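J.: Before we start, here is the structure in question, set down as C-alpha cells.
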Amino acid sequence: MLIKMWIPEWLGIPYCILHARFRNKEFSFDEARKELDMPPSRLLKVLSELGKNGFLVSEIKNQKRRKYMLTVFDSFTLGVKAGKDFKDLDITEKLRRAFEDYGMKYLIVGGSAAFLYHAYQFPAKHSVEVFPKDYGFWRSLLPESELLPRLNRESFEERVEIDGLFVAPPERIITEAIEEGGITSILDATSLIVSERGSKSLNWRRLETRAAKHNVVNELGAILEALDRELINEYGKSPVPRKTIDELFTHVKNIGRLKEYPKTTLEEDKTYPDIGEKWRLKLNLPSYVIRKPVEDIAPFTLGVV
Amino acid sequence: MSRKHNLKVVVIGGYAVRAYTKTRPRYTKDIDLATKNEDLPRLRKILEKLKYAVRDRPHGFSGYRKVRGVAITVNAIIEDVKAKERTIKSFYPQVGLSFKAKVASIEELLISKTKLWRERDIIDVCLLILDSYDLIDLEKLKQRLDQRSIKKLLNLIGTRKLHDIWQDFMRRKIGKEEETELWKKLNQLTKSLEP
Chain A
1 MLIKMWIPEW LGIPYCILHA RFRNKEFSFD EARKELDMPP SRLLKVLSEL
51 GKNGFLVSEI KNQKRRKYML TVFDSFTLGV KAGKDFKDLD ITEKLRRAFE
101 DYGMKYLIVG GSAAFLYHAY QFPAKHSVEV FPKDYGFWRS LLPESELLPR
151 LNRESFEERV EIDGLFVAPP ERIITEAIEE GGITSILDAT SLIVSERGSK
201 SLNWRRLETR AAKHNVVNEL GAILEALDRE LINEYGKSPV PRKTIDELFT
251 HVKNIGRLKE YPKTTLEEDK TYPDIGEKWR LKLNLPSYVI RKPVEDIAPF
301 TLGVV
Chain B
306 MSRKHNLKVV VIGGYAVRAY TKTRPRYTKD IDLATKNEDL PRLRKILEKL
356 KYAVRDRPHG FSGYRKVRGV AITVNAIIED VKAKERTIKS FYPQVGLSFK
406 AKVASIEELL ISKTKLWRER DIIDVCLLIL DSYDLIDLEK LKQRLDQRSI
456 KKLLNLIGTR KLHDIWQDFM RRKIGKEEET ELWKKLNQLT KSLEP
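Quick look at the structure:
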C-alpha cells in the first residue's frame, strides 16, 4: 500500500516554500515561522503532518533546541518506485530488496529486532531505523512500519545480519529494552538472553559497558541475577556468566532510596525482594517475565530437551 | 489431533484470545492447552509420538520440539474448560495461515483472565470485550465471574496505568473512541451482571 503521496495544498505550499529556502539545510521552528508567516499552533501542525508524510525529519539538538530538515525529494520519489516494484512482498522481503536493489541502509530495532533473536514474543509492528536523508524513501515504501529517522554510521556498523536482514546487536536491544522498562520490553530482554541465537551472539563484556553507559546497571544486574537463580533452580545450569553479574555489581552505589522498577505494573507484586535490595531497587517485576522464558525457551538453549 | 485420538483438548491462552479478536497485541509463541486429568497421560503420549521432549510442570507438562529449526513449546495444564470450535488466525497476516480448533469459550477466557489479573490478561480482557462483546453469553458469565474484577477494570479506564500498559502491549496509544467504547461496554456488562 502506498501512502497518500499527494499531500493537500495546505501542506504542499508550506513544503515548497521551505524547500525553496532551505533544501537540505537544517532550520529551526522560528526560521520556519519567519519564512511561512503563520501562527505557531498552525505551524506546529504543518510540521508534524509533513513529518508523518515523510517530507520532514526533526531532531532535538544542543540545548534542547529542535531542528528540522526536509527529506531529500529524490529519495521520496525513489521510494514510490520501490513501493510499486515490491508491491506484493512482505515487510522483511521489502527490507532485503531495498538494500539489494536501491542500496538503502536500515537497522531493525526494538521488539521486532528482539524477535529475530528469540523468536518468542511477536512484535506488534516493525521498528526500523533509517538515515534521515532516506526517510522519504522509507515512508513511501513501508507506511505501516514504525520508522525512526535517526540511524547513523556508527549504529549501522554495529549491525548483526540475521536471515539477510540488518538487525541491532543484542547488547543494544537488551539495554534499550531494560531502559524502556515496560513488561513486554523486559520480556524481550530476558527472552533474548536465554534464547539460542541470543546467547550465542551476546558479548557479555559489551553488555556491561553498554549498561553502564545507559545507566541501567542496577536493573540489568537484578534481571540477570533473577534469571540465573531460576535457571539454576530449574536446570542446574545457566548461560549467564557469574563474572558479569559480579562486574555489574561493582558499579552499584549503596546510597539513596530504592528505585522502583519497572514503573508500570498493574499491582505491586514485590518479586525477588532480596535481589531487589542487593541492586538498590524496589523490584515489582511480574514473575512471568522471568519464569516464562526460563520454562519455554531455555530448555532448547541449555540442551535439556 | 484431538479428533483423531478422541481426546478433549482445548486451546487456551494467547491463541484462544486470537480466535475472538482482530487486534494483535504482543503475544508469546508458546501454545497453551487444557485437558481433563484423565486425558493428560494420553496427550503426553501423543506429543511424545510427535517427537516432543516432555518435562513435568506443577500443573501439567511442557512439550518441546524444533520444527525446521524453529523451537515450539506446548504447555498442557489440567483444567476442564468449556470450549467452542473457532478459527484461529495466524499472528502474522502475511502468513495467512488459519485453522479450526476447540477453543476456550469467551466466557471461560474472561473468567480466567480477570482472575489472573496480570498486565497481559487485562489487555486480553479489553480486546475480548471490544472485539467480541456480542458473543458473550451473559447468563453463563453471571454464574462464575467475580463482578468486582470488572468493576476494578472499569476503574482503570482513563488512568495513566491502563494507558501505559496498553502502549506497552499494543505499541500504540489507546484511541479515545476505543476507550469510550470499552467504558460503555464494561458499564453495560456490569449492569447485565447485577443480580
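Protein chains in written order, with the numbering used here: chain A, 1 to 305; chain B, 306 to 500. All C-beta atoms, glycine included, are put in the ideal place defined by N, C-alpha and C. Please read these numbers as outputs of a predicted model, since none were measured by experiment.
Can you tell me the Cα-Cα spacing of Ala-168/A and Ser-155/A, whole angstroms?
T.: Each residue's Cα considered, the two are about 8 Å apart.
J.: Taking CB distances under 8 Å as the criterion, tell me whether Gly-182/A reaches chain B.
T.: Yes, because at least one Cβ of chain B sits closer than 8 Å to the Cβ of Gly-182/A.
J.: Look at the Cβ atom of Leu-350/B, then the Cβ atom of Arg-370/B, and state whether they are nearer than 8 Å.
T.: The identity of residue 350/B in the sequence shown is Lys, whereas the question assumes Leu. Cβ distance not < 8 Å, so Lys-350/B and Arg-370/B don't count as in contact.
J.: Return the bridge partner residues of Arg-394/A from the DSSP annotation.
T.: Nothing about residue 394/A can be reported from this structure: the residues present for chain A run from 1 to 305 only.
J.: Nearest by alpha-carbon distance to Asp-228/A: which of Ile-193/A, Tyr-135/A, Ile-60/A is it?
T.: Per the Cα distances, Ile-193/A.
J.: Taking the beta strand (DSSP E) that Lys-405/B falls in, what are its first and last residues?
T.: That run of the beta strand (DSSP E) goes 403–409.
J.: Quick check on the DSSP output: the alpha helix (DSSP H) that includes Glu-171/A runs from which residue to which?
T.: It spans 170–180 - the alpha helix (DSSP H) in which Glu-171/A sits, taken as one unbroken run.
J.: Say whether chain A places a C-beta atom closer than 8 Å to the C-beta of Phe-404/B.
T.: No, its Cβ sits nowhere closer than 8 Å to a Cβ of chain A.
J.: Please work out which residues of its chain come closer than 8 Å, Cβ to Cβ, to Phe-99/A, disregarding the five sequence neighbours upstream and downstream, and give them in chain order.
T.: If we look at Phe-99/A and ignore the five residues flanking it on each side, its Cβ neighbours are Lys-105, Tyr-106, Phe-166.
J.: Measure from the C-beta of Pro-123/A to each C-beta in chain B and report whether the shortest distance is under 8 Å.
T.: Interface residue, yes.
J.: Beta carbons nearer than 8 Å to chain B: which residues of the segment 103–128 of chain A have them?
T.: From the segment 103–128 of chain A, only Gly-111, Ala-119, Tyr-120, Gln-121, Phe-122, Pro-123, Ala-124, Lys-125 have a Cβ closer than 8 Å to chain B.
J.: Suppose you measure from the CA of Glu-234/A to the CA of Gln-121/A; what does that come to, to the nearest Å?
T.: Roughly 22 Å separates the two Cα atoms.
J.: With DSSP as the reference, please indicate the residues paired to Gly-368/B in a beta bridge.
T.: Paired residues: Val-359/B, Val-379/B.
J.: Quick check: Arg-210/A and Thr-175/A, are their CB atoms within less than 8 Å of each other?
T.: Yes, Cβ-Cβ distance for Arg-210/A and Thr-175/A is below 8 Å.
J.: Could you have a look at Tyr-120/A and say whether DSSP puts it in helix, strand or coil?
T.: Of the three classes helix, strand and coil, the one that applies to Tyr-120/A here is coil, per DSSP.
J.: Quick one, which of Val-430/B, Lys-466/B, Ile-462/B, Gly-368/B has its alpha-carbon nearest Val-304/A's?
T.: Val-304/A has its Cα closest to that of Gly-368/B, out of Val-430/B, Lys-466/B, Ile-462/B, Gly-368/B.
J.: With H, G and I counted as helix, E and B as strand and the rest as coil, what does DSSP make of Thr-464/B?
T.: Coil at Thr-464/B, not helix or strand.
J.: Would you kindly report the start and end of the unbroken alpha helix (DSSP H) that includes Tyr-288/A?
T.: It spans 288–296 - the alpha helix (DSSP H) in which Tyr-288/A sits, taken as one unbroken run.
J.: Compare the beta carbon distance of Ser-497/B and Leu-443/B with 8 Å and say whether it is the shorter of the two.
T.: Contact: yes.
J.: Below 7 Å CB to CB, which residues in the same chain sit around Glu-208/A once its five sequence neighbours on both sides are set aside?
T.: Answer for Glu-208/A: Thr-244, Glu-247, Leu-248, listed in chain order.
J.: Just by C-beta distance, which residues in the segment 264–285 of chain A are closer than 8 Å to chain B?
T.: Within the segment 264–285 of chain A, the residues whose Cβ lies closer than 8 Å to some Cβ of chain B are Thr-264, Thr-265, Leu-266, Glu-267, listed in chain order.
J.: Kindly indicate which three-state DSSP category Tyr-15/A falls into: helix, strand or coil?
T.: Reduced to three states, the DSSP call for Tyr-15/A is helix.
J.: Give, in chain order, every residue of the segment 284–301 of chain A whose Cβ lies closer than 8 Å to some Cβ of chain B.
T.: Answer set for the segment 284–301 of chain A: Pro-286, Tyr-288, Lys-292, Glu-295, Asp-296, Ile-297, Pro-299, Phe-300.
J.: Gly-493/B to Lys-447/B, Cα distance in whole Å?
T.: Inspection of the sequence shows that residue 493/B is occupied by Gln rather than by Gly. Approximately 13 Å between the Cα atoms of the pair.
J.: Would you mind sorting Ile-91/A into buried or exposed? The rule is 16 or more other CB atoms within 10 Å of its CB.
T.: Ile-91/A comes out buried.
J.: State the DSSP-derived secondary structure class of Lys-282/A, mapped to helix, strand or coil.
T.: In this structure, Lys-282/A counts as strand in the three-state DSSP scheme.
J.: Counting pairs of beta carbons, one from the segment 382–397 of chain B and one from the segment 293–301 of chain A, are three or more of them closer than 8 Å?
T.: At 8 Å Cβ cutoff, the stretches do not touch.
J.: Since Ala-222/A contacts Leu-283/A with CB under 8 Å, what's their CB separation in whole angstroms?
T.: Confirmed, about 6 Å.
J.: Can you check whether the C-beta of Lys-350/B is within less than 8 Å of a C-beta belonging to chain A?
T.: No, Lys-350/B does not count as interfacial toward chain A.
J.: In terms of alpha-carbon separation, which member of Glu-277/A, Val-216/A, Glu-196/A lies closest to Pro-239/A?
T.: Here the closest residue by C-alpha is Glu-196/A.
J.: Chain B partners of Val-305/A, CB-CB under 7 Å?
T.: Result: Ala-358, Arg-360, Tyr-369.
J.: Quick one: Cα of Glu-144/A to Cα of Thr-184/A, how far?
T.: C-alpha separation (whole angstroms): 21 Å.
J.: Can you give the Cα-Cα distance for Pro-14/A and Thr-77/A, rounded to whole angstroms?
T.: Near 19 Å, if we compare the C-alpha coordinates of Thr-77/A and Pro-14/A.
J.: With respect to the alpha helix (DSSP H) encompassing Asp-188/A, which residues constitute its N-terminal and C-terminal limits?
T.: It spans 183–194 - the alpha helix (DSSP H) in which Asp-188/A sits, taken as one unbroken run.
J.: Locate the alpha helix (DSSP H) running through Ala-324/B, then write down its first and last residues.
T.: Ala-324/B -> no alpha helix (DSSP H), and no H or E assigned at all.
J.: For Lys-466/B, go through chain A and note every residue whose CB falls closer than 8 Å to its CB, in chain order.
T.: The answer, in chain order, is Thr-264, Leu-266.
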